[in-house]
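Enquirer:
Number of protein chains: 2
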Amino acid sequence: MDVPPEGLSAQQRLQVEGREIDISPDSPIKAVACTLEPPSLVRPVADAENLIEKLDAFSPEHFDINILRELSTRLREWNWRLTAHLRNRELVAISPPGTRSMGLAVDLGSTKIAGYLMDLATGKKLAAKGIVNPQISHGEDIITRINFAIRSPDGQKRMADLIKDTLMSLAQDLCSEAGSETGDILEVVIVGNTAMHHLTLGLPVRQLALSPFVPGVSGDLNVKARDIGLDFAPGAYAYFPPNIAGFVGADHVAALMATAGEWVHGNVIVLDIGTNTEISLINRGKITSVSCASGPAFEGYHISSGVRAAPGAIEKVSLSRGDLHYQTIDDAEPIGICGSGILDAVSQLFLAGVLNSGGRLQKGSHHRVVEKSGCLEFILVPQKKRRRDTVISITQKDVREVQLGKAAIQAALEILLAQGNIAATEIDKIIIAGAFGSYIDISNAVAIGMLPGLPLNRFHQVGNAAGTGARILLLSAARREEMKNLLTRIKYLELGGTPQFSKAFTRACLLGPYNTGPDAAGR
Amino acid sequence: MDVPPEGLSAQQRLQVEGREIDISPDSPIKAVACTLEPPSLVRPVADAENLIEKLDAFSPEHFDINILRELSTRLREWNWRLTAHLRNRELVAISPPGTRSMGLAVDLGSTKIAGYLMDLATGKKLAAKGIVNPQISHGEDIITRINFAIRSPDGQKRMADLIKDTLMSLAQDLCSEAGSETGDILEVVIVGNTAMHHLTLGLPVRQLALSPFVPGVSGDLNVKARDIGLDFAPGAYAYFPPNIAGFVGADHVAALMATAGEWVHGNVIVLDIGTNTEISLINRGKITSVSCASGPAFEGYHISSGVRAAPGAIEKVSLSRGDLHYQTIDDAEPIGICGSGILDAVSQLFLAGVLNSGGRLQKGSHHRVVEKSGCLEFILVPQKKRRRDTVISITQKDVREVQLGKAAIQAALEILLAQGNIAATEIDKIIIAGAFGSYIDISNAVAIGMLPGLPLNRFHQVGNAAGTGARILLLSAARREEMKNLLTRIKYLELGGTPQFSKAFTRACLLGPYNTGPDAAGR
Chain A
1 MDVPPEGLSA
11 QQRLQVEGRE
21 IDISPDSPIK
31 AVACTLEPPS
41 LVRPVADAEN
51 LIEKLDAFSP
61 EHFDINILRE
71 LSTRLREWNW
81 RLTAHLRNRE
91 LVAISPPGTR
101 SMGLAVDLGS
111 TKIAGYLMDL
121 ATGKKLAAKG
131 IVNPQISHGE
141 DIITRINFAI
151 RSPDGQKRMA
161 DLIKDTLMSL
171 AQDLCSEAGS
181 ETGDILEVVI
191 VGNTAMHHLT
201 LGLPVRQLAL
211 SPFVPGVSGD
221 LNVKARDIGL
231 DFAPGAYAYF
241 PPNIAGFVGA
251 DHVAALMATA
261 GEWVHGNVIV
271 LDIGTNTEIS
281 LINRGKITSV
291 SCASGPAFEG
301 YHISSGVRAA
311 PGAIEKVSLS
321 RGDLHYQTID
331 DAEPIGICGS
341 GILDAVSQLF
351 LAGVLNSGGR
361 LQKGSHHRVV
371 EKSGCLEFIL
381 VPQKKRRRDT
391 VISITQKDVR
401 EVQLGKAAIQ
411 AALEILLAQG
421 NIAATEIDKI
431 IIAGAFGSYI
441 DISNAVAIGM
451 LPGLPLNRFH
461 QVGNAAGTGA
471 RILLLSAARR
481 EEMKNLLTRI
491 KYLELGGTPQ
501 FSKAFTRACL
511 LGPYNTGPDA
521 AGR
Chain B
1 MDVPPEGLSA
11 QQRLQVEGRE
21 IDISPDSPIK
31 AVACTLEPPS
41 LVRPVADAEN
51 LIEKLDAFSP
61 EHFDINILRE
71 LSTRLREWNW
81 RLTAHLRNRE
91 LVAISPPGTR
101 SMGLAVDLGS
111 TKIAGYLMDL
121 ATGKKLAAKG
131 IVNPQISHGE
141 DIITRINFAI
151 RSPDGQKRMA
161 DLIKDTLMSL
171 AQDLCSEAGS
181 ETGDILEVVI
191 VGNTAMHHLT
201 LGLPVRQLAL
211 SPFVPGVSGD
221 LNVKARDIGL
231 DFAPGAYAYF
241 PPNIAGFVGA
251 DHVAALMATA
261 GEWVHGNVIV
271 LDIGTNTEIS
281 LINRGKITSV
291 SCASGPAFEG
301 YHISSGVRAA
311 PGAIEKVSLS
321 RGDLHYQTID
331 DAEPIGICGS
341 GILDAVSQLF
351 LAGVLNSGGR
361 LQKGSHHRVV
371 EKSGCLEFIL
381 VPQKKRRRDT
391 VISITQKDVR
401 EVQLGKAAIQ
411 AALEILLAQG
421 NIAATEIDKI
431 IIAGAFGSYI
441 DISNAVAIGM
451 LPGLPLNRFH
461 QVGNAAGTGA
471 RILLLSAARR
481 EEMKNLLTRI
491 KYLELGGTPQ
501 FSKAFTRACL
511 LGPYNTGPDA
521 AGR
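The listed protein sequences derive, respectively, from chains A and B. Numbered as in the working numbering, the first sequence ends at 523 without a single skipped number. Numbered as in the working numbering, the second sequence ends at 523 without a single skipped number.
#1: Under DSSP, the beta strand (DSSP E) around K491 of chain B begins and ends at which residues?
#2: Reducing DSSP to helix, strand and coil, say where N464 of chain A ends up.
#3: If the cut is a Cβ gap below 7 Å, which residues of chain B does R69 of chain A touch?
#4: Using a C-beta cutoff of 8 Å, does A309 of chain A count as contacting chain B?
#5: Taking the alpha carbon of A128 of chain B as the reference point, which residue from B:I392, B:P134 and B:D119 has its own alpha carbon closest?
#6: Against chain B, with Cβ distances strictly below 8 Å, would E481 of chain A count as a contact?
#7: Which residues, in order along the stretch 211-245 of chain B, keep a beta-carbon less than 9 Å from a beta-carbon of chain A?
#8: Can you check which of these residues, A:F247, A:I185 and A:R458, is closest to I143 of chain A by C-alpha distance?
#9: T99 of chain B to N243 of chain B, Cα distance in whole Å?
#10: Have a look at T275 of chain A and G364 of chain A and give me their C-alpha separation to the nearest angstrom.
#11: Rounded to whole angstroms, how far is the Cβ of I314 of chain B from the Cβ of P296 of chain B, which I believe are closer than 8 Å?
#12: Along the stretch 482-510 of chain A, where does the CB come closer than 7 Å to a CB of chain B? Name the residues.
#13: Of all the alpha helix (DSSP H) runs that stay within the bounds of the stretch 44-71 of chain A, which reach a length of 4 or more residues?
#14: Assign S476 of chain A to one of three DSSP states: helix, strand, or coil.
#15: Going along the chain, which residues of the stretch 36-57 of chain B sit with their C-beta nearer than 7 Å to a C-beta in chain A?
#16: Within the chosen definition, does the stretch 445-458 of chain B reach the stretch 403-414 of chain B through at least 3 CB pairs nearer than 8 Å?
#17: If distances are taken between C-alpha atoms only, which option among B:D56, B:I282, B:A33 and B:V402 comes closest to I430 of chain B?
#18: Taking 8 Å as the threshold (beta carbon to beta carbon), is T73 of chain B in contact with chain A?
#19: Find the nearest neighbour of S319 of chain A within the set A:L493, A:L343 and A:I303, judged by alpha-carbon distance.
#20: Can you list, in chain order, the residues of its chain with a C-beta nearer than 8 Å to that of L351 of chain A? Leave out the 5 residues immediately preceding and following it.
#21: Which residues does DSSP list as the beta-bridge partners of E90 of chain B?
#22: If we count Cβ pairs, one from each stretch, closer than 8 Å, do we get three or more for the stretch 193-207 of chain B versus the stretch 59-72 of chain A?
#23: For a cutoff of 8 Å on Cβ pairs, would you count Q362 of chain B as touching chain A?
#24: With V189 of chain A and A470 of chain A assumed to form a contact (beta carbons below 8 Å), what rounded beta-carbon distance in angstroms separates them?
#25: From which residue to which residue does the alpha helix (DSSP H) around F350 of chain B run?
#26: Just curious, the alpha helix (DSSP H) that K503 of chain B is in, first and last residue?
#27: Is the Cβ-Cβ distance between F378 of chain A and L349 of chain A less than 8 Å?
#28: Buried or exposed: where does H265 of chain B fall if 16 or more other Cβ atoms within 10 Å of its Cβ makes it buried?
#29: Please state whether the Cβ-Cβ distance between I136 of chain A and T166 of chain A is less than 8 Å.
#30: Quick check on T288 of chain A: does DSSP put it in helix, strand or coil?
#31: Express the C-alpha separation of A407 of chain A and E401 of chain A in angstroms, rounding to a whole number.
#32: From the DSSP output, in three-state form, read off H198 of chain A for me.
#33: Output yes if chain A places a C-beta closer than 8 Å to the C-beta of Q207 of chain B; else output no.
#34: Label R87 of chain B either buried or exposed according to how many other C-beta atoms from any shown protein chain fall within 10 Å of its C-beta, with 16 as the threshold for buried.
#35: Of the residues A:R458, A:A478 and A:D107, which one's Cα is nearest the Cα of E262 of chain A?
#36: I'd like to check one pair, G235 of chain B with D64 of chain B: are the Cβ atoms closer than 8 Å?
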């Protein structure tokens, strides 16, 4: 051995939207620099055994076959000097001396995919990028996609291929930004909801959509990257953290890992709002998790003028004494309305009396309420101000979509609290994760009852905690162990199809403040 | 668990050409019958974890990704009953209750490939078949094939593909004979010389052909069958026993395993004659191994009228008081001469004085010696007796090929003995393995000096011991461990390019009895 294993000392701070997390990188991949003695007629040792001797301190047990396929050639090309990359007791890559050790962390959302290229030795972020999940062309919500996978010829394979191609192209972009190559990616950690997890791995999804909604597998998986079609380092692994249940996936586990440092004594809620929303209640060391289908409205889908959060998307709306104000991303010409804008609009229209508590647009309540093909809608941006053909408006149907989403979240939260015998007022902290959650106006969410009416300082918007969790799990073997510990404390509560949930959901469809009293959720 | 693990009690006897070996099948694959409790809303356990619970006694650690890809569907199809096939702590296959556990043993020779489909639980042979190694179209000897792999565009891949396709087609033939499918093959054991091992695995071979002739890897390998292109059970492994050196491969290790029960106190020689010949000397618990390039003449290649051992091949030749007699396989019309026939012919011609000790055909020594294009040849079958155009003859060049082959074997044996300070007369047993070795006439081999002149009862022709060894290693995990023990006792002696070998080789090119005295090999 020429030098000690790399990357065991640096301390790195990972950002979670304004917060920082300390992490000492101790990736499962260890880089060991070696200089071998060339074989001779006196010592005609095979190349692999020659290297094994040098790696003795790491008790190497297994060489990936792809390493063996290049080892003899490379040893001679590199003049018997190399860096060996060991994962536990397996040799997963070899590189010329001094090559950087890189890993990829991926948050695989139903709608968005975020990728982070990381230096495994220093813990530094080398590049980051977000893209749209291309599966969205086969359904915006999870159930539609599961149905596509089940019913279309080759549907399952097509869904897996879409992800594979997208991840490869994301990895290529990140690597070229960092001046590296995808062949140097030694490990990838992928977190997503259970359906995304299964579709990426090519696992059957039919049982996910049928009661009792069980995953094919819930434990964490170490899979050869090549076995899911990813062309990284020769022996690279893809690590999939565990799922909690059919609709509480590894992305929520990652969000819990990323936010655990912010949990306080008392009652903490971790809320990850997306097309599917996961909620965990942390109370006296126990964690109870639920999930609900909150729909893609908050991602800008299923909304008549809805767009993704991109320049020109209306992200904030206020209606003060009849005067409408809105703000677009980058102050660009308005192109549509994104999730946080929709939430603001519905809340502000409700507070202004344009919507009644049933969510019905009130004719004559505002001059912007117009009738079109027999249906009412509220005009946000009239046609004259826009280059495109149609106006930007909030239709009655749009309001219904928001009501369904907010009702699902509200009902799930109510039941979770009721089950823990906790009143909403007793929540000490609500940690809101997810891109949408970072941008919403909490007061507006509280006004329609999506969130309970608590002092604003109890809400903490932490951004893409799942992505941060993925990075933590990529960089630290110790954190992977901690995660397994955390998992033993999680109890999953199935809401799907229970009468209690249906009842709470129906009630929560009404706009208006969340009932924070002790008799909430029918206690 | 419904029933105890299968296949732990049966005792099976494997044949080694007339001999039998006791073996208690204890394949590394254990079949466990399970009935699972279906998940429910009360117990919404994931499918994999549901099965893991049932397999608790076997501490399952890992499910092959391909198993996970079918598990959920199959569990429901099979009504929650299945047989789980565990290899160590990994689940490698699932099947409906009562499916037979099968494995494939392959002896991958340079010239011939022998396949054996085995029942892993009972140890019974279900089917067997031998075919020609298709790589032969890229060179009959190993060095030519290595050069093809190195120098042709894509040569390495083409060599691997040829083997892959041949093994799949061999497996299909064997399975259809046994009424099974290749998808039911749970494990394959492949033994071959080091070059065949590397070409099958897609490992670089350039260094095998250059001093100091080292393998890419010598230790045993457990590789996913899919990673070498074999489409067997979803998680099936290919097991490659270890190589001893660049030119003493796993096939010789397998031959040693198959014959170890026949070793006696004193000095034992295990001799595996092929295109490459491996020789081991077993003496006081130590094993010394050498190898030499004996060429393809004994397989019927590089011989003017040479054919493989097939119906019509002349397999025996005698020349008694000038009268020529020959025998063909199946007594068919003669089509050419195979290895054992060539050896007989050269030996008998030498004994009859048609060849001198330098191997030169003597004009006028026999009426069948004729001159053609200025070269002498001995006519075995004149044209009139045959349907084809040419006669079957032994040319001067054919004799040279045999001389080179026998000289290599003789010189290697001489040096091996000299190194152990053993006179040839002190050899207690010579075990001759390999298809060619089974059919040769020992007296004729002794007459020209290919084998030492010992009492005939010290010679034991055991047929394809490498194939038997592959079957033993397929059927028994305990024997794999024994093999590792055996390996620690083996010392490899490199002959390539040593002046000692060149000298002994030159001397051994002469026809005539082996010098069995104590001053052999220049001691």
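For each residue, glycine too, the CB sits at the ideal point set by N, CA and C.
Expert: Quick answer:
#1: I490 to Y492
#2: coil
#3: G202 and L203
#4: no
#5: B:D119
#6: no
#7: S211, P212, F213, V214, P215, G216, V217, S218, G219, L221, N222, V223, K224, R226, D227, I228, N243 and A245
#8: A:F247
#9: 34 Å
#10: 34 Å
#11: 17 Å between Cβ atoms; not a contact.
#12: E494
#13: 47-54
#14: strand
#15: P39, S40, L41, P44, V45, A46, D47, A48 and E49
#16: yes
#17: B:I282
#18: yes
#19: Ser is not the amino acid found at residue 319 of chain A; the sequence shown has Leu there. Nearest C-alpha to L319 of chain A: A:L343.
#20: L319 and A447
#21: B:H62 and B:R87
#22: yes
#23: no
#24: 5 Å
#25: G339 to L351
#26: P499 to A508
#27: yes
#28: exposed
#29: no
#30: strand
#31: 10 Å
#32: helix
#33: yes
#34: buried
#35: A:R458
#36: yes
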